[in-house]
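Visitor: Chains D and Z, in that order, give the protein sequences.
Take the first sequence: its letters are residues 1 to 159, numbered as in this note's numbering.
Take the second sequence: its letters are residues 1001 to 1159, numbered as in this note's numbering.
Glycine is no exception: its CB is placed at the ideal position from the N, C-alpha and C atoms.
2 protein chains.
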Amino acid sequence: MRLSNLADYAVVTMCAAARHCGSARVSAAELAEETGLPAPTVQKLVSLLSRAGLLRATRGSGGGLQLARPAAAITLADIVEAVEGPIALTSCVEQGRHDCALEGSCNVRPHWTIVNDALRGALANVPLTQLSSPFASSEVEKQVRERVSTSLDTNGVLL
Amino acid sequence: MRLSNLADYAVVTMCAAARHCGSARVSAAELAEETGLPAPTVQKLVSLLSRAGLLRATRGSGGGLQLARPAAAITLADIVEAVEGPIALTSCVEQGRHDCALEGSCNVRPHWTIVNDALRGALANVPLTQLSSPFASSEVEKQVRERVSTSLDTNGVLL
DNA sequence: GCCAAATCAGACTGTTTCGTTCCGAATTGC
DNA sequence: GCAATTCGGAACGAAACAGTCTGATTTGGC
Chain D
1 MRLSNLADYA VVTMCAAARH CGSARVSAAE LAEETGLPAP TVQKLVSLLS RAGLLRATRG
61 SGGGLQLARP AAAITLADIV EAVEGPIALT SCVEQGRHDC ALEGSCNVRP HWTIVNDALR
121 GALANVPLTQ LSSPFASSEV EKQVRERVST SLDTNGVLL
Chain Z
1001 MRLSNLADYA VVTMCAAARH CGSARVSAAE LAEETGLPAP TVQKLVSLLS RAGLLRATRG
1061 SGGGLQLARP AAAITLADIV EAVEGPIALT SCVEQGRHDC ALEGSCNVRP HWTIVNDALR
1121 GALANVPLTQ LSSPFASSEV EKQVRERVST SLDTNGVLL
């Protein structure tokens, strides 16, 4: 039920990378210094994020990192999935997995599907642009709360 | 991001226990046989669930288990918290924990609070009575979907 | 064309948590 | 008082995670 530390760090790292959108190239070492995270950890993170297609890495002298997509097109769900894999509270909601012996007759499974969709929807409705907004905490919270509630209302049944 | 197996098993176990609401006492061994889970695992689960106040255990010959509260008053959130502790995606949303060095100036934290509340709300809106309903899967899913969406609408901003 | 600097990418090790199993304490019924 | 049956807590083994390190690749300057 708890998110892994790497996923949490990945969000902070992406948030820092989004601030350097103007100056195209940022090194992993710079991101480490800004975020206060250990440099090797940031290196591992940018590796995962690059493989997932969220960051674009250019090698060589003067190289660095930049967002592969506009910050508005990157959500919390993207970052979490890049680090932890598909969002699946239980193994039975994961596509292609059929370990559970009960399967068809299980009454609990449909509920997990709903809850899982709710969670993923909540994550997918927080874009990276909002994460790096410089407002005060209380102000940001107010904005996010409005955004999530309206998105839930819009999506309706699907959540 | 994934739920622990024990939490998943706990839901199945509680679901099985709810069906024996009439016959007050059920042994852990019986529950293990019905659910197909290993008997020692079920023993550990009932221990956790009893300590959390969801099950009432009576010792001695002829003893057994029974729900401590009506099934309608037990939700997925109760069961998950009994096994895994407080629902907290990140350590910064957990009460009494202040490990993060950023703390006050963190822009990400308010977002985690919102997402965490959304998750907890989704879990708290699924009572045990609904988990043990004998309908077909598709029918159950339809009911749950309606229930969750209406609850979201009711809670409005809070979720 | 070559060298050197700087970068990312993958593999490795120690630690923590999870899952499972086992054995002991307690209580009831005969 | 005895025995059977039950729960409760402690211990073991396994898997995943977090963190660190070294190597492969590319660019820029000489």
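How would you label D:G64, buried or exposed, when you count the other beta carbons within 10 angstroms and need 16 or more for buried?
Guide: Here residue 64 of chain D refers to the residue found at position 64 of the first sequence. That one is buried.
Visitor: Using a Cβ-Cβ cut-off of 8 Å, state whether D:L49 counts as contacting chain Z.
Guide: Stepping through the first sequence from its first residue, residue 49 of chain D is reached at position 49. D:L49 does not count as touching chain Z.
Visitor: Which residues, in order along the segment 25–53 of chain D, keep a beta-carbon less than 9 Å from a beta-carbon of chain Z?
Guide: So the list reads T35 and G36, given in the order they occur along the chain.
Visitor: Within the same chain, show all residues whose beta-carbon is closer than 7 Å to that of D:A136, passing over the 5 residues directly before and after it, in chain order.
Guide: Taking the first sequence and counting its residues from 1, the one referred to as residue 136 of chain D is at position 136. In this prediction, D:A136 has a pLDDT of 48, which is less than 50 and means its spatial position is unreliable; what the coordinates show is noted afterwards. There are no such residues.
Visitor: Would DSSP call D:A52 helix, strand or coil?
Guide: Here residue 52 of chain D is taken as the residue at index 52 of the first sequence, counted from 1. The answer is coil: DSSP assigns D:A52 none of H, G, I, E or B.
Visitor: What is the residue span of the beta strand (DSSP E) that D:G64 lies within?
Guide: Numbered from its first residue, the first sequence carries residue 64 of chain D at position 64. First-last of the beta strand (DSSP E) with D:G64: G64 to L67.
Visitor: Which word fits Z:P1110, buried or exposed, when buried means at least 16 other C-beta atoms lie within 10 angstroms of its C-beta?
Guide: Locating residue 1110 of chain Z in the second sequence gives position 110, counting from the first residue. Classification of Z:P1110: buried, given that the 10 Å Cβ count is 16 or more.
Visitor: Are the C-beta of Z:D1078 and some C-beta of chain D separated by less than 8 Å?
Guide: Looking up residue 1078 of chain Z in the second sequence gives position 78. No, because no Cβ of chain D sits closer than 8 Å to the Cβ of Z:D1078.
Visitor: Determine which residues share a DSSP beta bridge with D:A32 and list them.
Guide: Numbered from its first residue, the first sequence carries residue 32 of chain D at position 32. DSSP lists no partner for D:A32.
Visitor: Residues of chain Z with CB under 8 Å from D:I87, in chain order?
Guide: As a position in the first sequence, residue 87 of chain D is number 87, starting the count at 1. Correct list: M1001.
Visitor: Would you call D:A28 buried or exposed, if buried means 16 or more other Cβ atoms sit within 10 Å of its Cβ?
Guide: On the first sequence, residue 28 of chain D is found 28 positions in, with the first residue counted as 1. Classification of D:A28: buried, given that the 10 Å Cβ count is 16 or more.
Visitor: Taking buried to mean at least 16 other C-beta atoms within 10 Å of its own C-beta, is D:A39 buried or exposed?
Guide: Position 39 of the first sequence, counted from the first residue, corresponds to residue 39 of chain D. Exposed is the call here.
Visitor: Answer yes or no: does any C-beta atom of chain Z fall closer than 8 Å to that of D:L6?
Guide: Residue numbering aside, residue 6 of chain D sits at position 6 when the first sequence is read from its first letter. No, D:L6 does not count as interfacial toward chain Z.
Visitor: Write down the C-beta distance between Z:V1115 and Z:L1089 rounded to the nearest angstrom, noting that I regard them as a contact closer than 8 Å.
Guide: Here residue 1115 of chain Z refers to the residue found at position 115 when the second sequence is read from its first residue. Here residue 1089 of chain Z refers to the residue found at position 89 when the second sequence is read from its first residue. That pair is a contact at about 6 Å.
Visitor: Given a cut-off of 8 Å on the beta-carbon distance, is the pair Z:L1123 and Z:C1015 in contact?
Guide: For the purposes of this step, residue 1123 of chain Z is taken as residue 123 along the second sequence, with counting starting at 1. For the purposes of this step, residue 1015 of chain Z is taken as residue 15 along the second sequence, with counting starting at 1. Not in contact: Z:L1123 and Z:C1015 (Cβ atoms no closer than 8 Å).
Visitor: Which value, in whole angstroms, describes the spacing of the CA atoms of Z:V1042 and D:S132?
Guide: In the second sequence, counting from the first residue as 1, residue 1042 of chain Z sits at position 42. In the first sequence, counting from the first residue as 1, residue 132 of chain D sits at position 132. Their Cα atoms are separated by approximately 46 Å.
Visitor: Just how far apart, CA to CA, sit Z:V1045 and Z:V1083?
Guide: Along the second sequence, one-based indexing puts residue 1045 of chain Z at 45. Along the second sequence, one-based indexing puts residue 1083 of chain Z at 83. Reading off the sequence, residue 1045 of chain Z comes out as Leu, not Val. Taking the straight line from one Cα to the other gives about 8 Å.
Visitor: For Z:A1088, which three-state DSSP category applies?
Guide: Sequence index remark: in the second sequence, residue 1088 of chain Z carries index 88 (1-based). It is coil, neither helix nor strand.
Visitor: Does any residue of chain Z have a CB that is nearer than 8 Å to the CB of D:T90?
Guide: Counting from one through the first sequence, the residue named residue 90 of chain D turns up at place 90. True, the Cβ-Cβ gap to chain Z drops below 8 Å.
Visitor: With DSSP as the reference, please indicate the residues paired to Z:T1113 in a beta bridge.
Guide: As a first step, residue 1113 of chain Z must be located in the second sequence, where it is residue number 113. DSSP lists no partner for Z:T1113.
Visitor: Would you give the residue range spanned by the alpha helix (DSSP H) that Z:V1012 belongs to?
Guide: Counting from one through the second sequence, the residue named residue 1012 of chain Z turns up at place 12. Looking at the DSSP string, the run of the alpha helix (DSSP H) that includes Z:V1012 is N1005 to R1019.
Visitor: Could you check what DSSP says for Z:V1108 in three-state terms: helix, strand or coil?
Guide: Here residue 1108 of chain Z refers to the residue found at position 108 of the second sequence. The answer is coil: DSSP assigns Z:V1108 none of H, G, I, E or B.
Visitor: Could you tell me the distance, in whole angstroms, from the CA atom of D:S4 to the CA atom of D:G85?
Guide: Taking the first residue of the first sequence as position 1, residue 4 of chain D is located at position 4. Taking the first residue of the first sequence as position 1, residue 85 of chain D is located at position 85. Answer to the nearest angstrom: the Cα atoms are 11 Å apart.
Visitor: Suppose contacts are defined by Cβ-Cβ distances below 8 Å. Is Z:Q1066 in contact with Z:R1051 by that definition?
Guide: For this step, residue 1066 of chain Z is matched to residue 66 along the second sequence. For this step, residue 1051 of chain Z is matched to residue 51 along the second sequence. Not in contact: Z:Q1066 and Z:R1051 (Cβ atoms no closer than 8 Å).
Visitor: In whole angstroms, what separates the C-alpha of D:D8 from that of Z:R1059?
Guide: Mapped onto the first sequence, residue 8 of chain D falls at position 8. Mapped onto the second sequence, residue 1059 of chain Z falls at position 59. Going from the Cα of D:D8 to the Cα of Z:R1059 covers about 45 Å.
Visitor: When you compare only the Cα positions, how much space is there between D:L49 and D:A32?
Guide: As a working note, residue 49 of chain D is residue 49 in the first sequence. As a working note, residue 32 of chain D is residue 32 in the first sequence. Roughly 15 Å separates the two Cα atoms.
Visitor: Can you list, in chain order, the residues of its chain with a C-beta nearer than 7 Å to that of D:L6? Leave out the 5 residues immediately preceding and following it.
Guide: Along the first sequence, one-based indexing puts residue 6 of chain D at 6. So the list reads L45 and V83, once near-sequence residues are dropped.
Visitor: Return yes when the Cβ of Z:I1079 is within less than 8 Å of the Cβ of Z:L1054, no when it is not.
Guide: Here residue 1054 of chain Z is taken as the residue at index 54 of the second sequence, counted from 1. Here residue 1079 of chain Z is taken as the residue at index 79 of the second sequence, counted from 1. Yes, the Cβ-Cβ distance between Z:L1054 and Z:I1079 is below 8 Å.
Visitor: Between D:T113, D:M1 and D:V11, which lies nearest to D:L37 when the distance is taken from Cα to Cα?
Guide: Here residue 37 of chain D refers to the residue found at position 37 of the first sequence. The shortest C-alpha separation from D:L37 is found at D:V11.
Visitor: Buried or exposed for Z:R1069, going by 16 or more other Cβ atoms inside 10 Å?
Guide: As a working mapping, residue 1069 of chain Z is identified with position 69 in the second sequence. It is exposed - the Cβ of Z:R1069 has fewer than 16 other Cβ atoms within 10 Å.
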